[in-house]
Amino acid sequence: MTTHVKLNELDEAFAGLRFPIERETVATELHDVVLVYADGEEPLPDVLDRVGTQSFADRDELETEIYNVLPVEAVGEPGQSEGEG
1 MTTHVKLNEL DEAFAGLRFP IERETVATEL HDVVLVYADG EEPLPDVLDR
51 VGTQSFADRD ELETEIYNVL PVEAVGEPGQ SEGEG
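FYI, in the numbering used here the residues of the sequence shown are 1 to 85.
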């Protein structure tokens, strides 16, 4: 069964994981998780394929590494600005 997870709920998806943990173990245990972006979605194992780190010490490290490889479209409207000038 596929589980759709919004980016702001990503930490909840990691609740059952035991750290430290290997990247491949995360991909295996969360194989059914699909990240919901502002403009689309992507399976978590596909995102993990782009992460260079092989293991994660804790949830924060895992979440940070995932956010570092997300496409721009994942977190907002294309071309959206944080403010003027």
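Note that beta-carbon positions come from the ideal geometry of N, C-alpha and C, so glycine has one too.
Bear in mind that the values here come from a model prediction, so they are computed numbers and not experimental data.
Of the residues 59, 64 and 41, the one whose Cα lies closest to the Cα of residue 52 is 64.
Per DSSP, the unbroken alpha helix (DSSP H) holding residue 29 starts and ends at 23 to 29.
Taking the Cα positions, residue 54 is about 15 Å away from residue 60.
If the five residues before and after residue 31 are omitted, its C-beta is found closer than 7 Å to the C-beta atoms of 45, all from its own chain and listed in chain order. Residue 43 sits in a strand when the DSSP states are folded into three classes.
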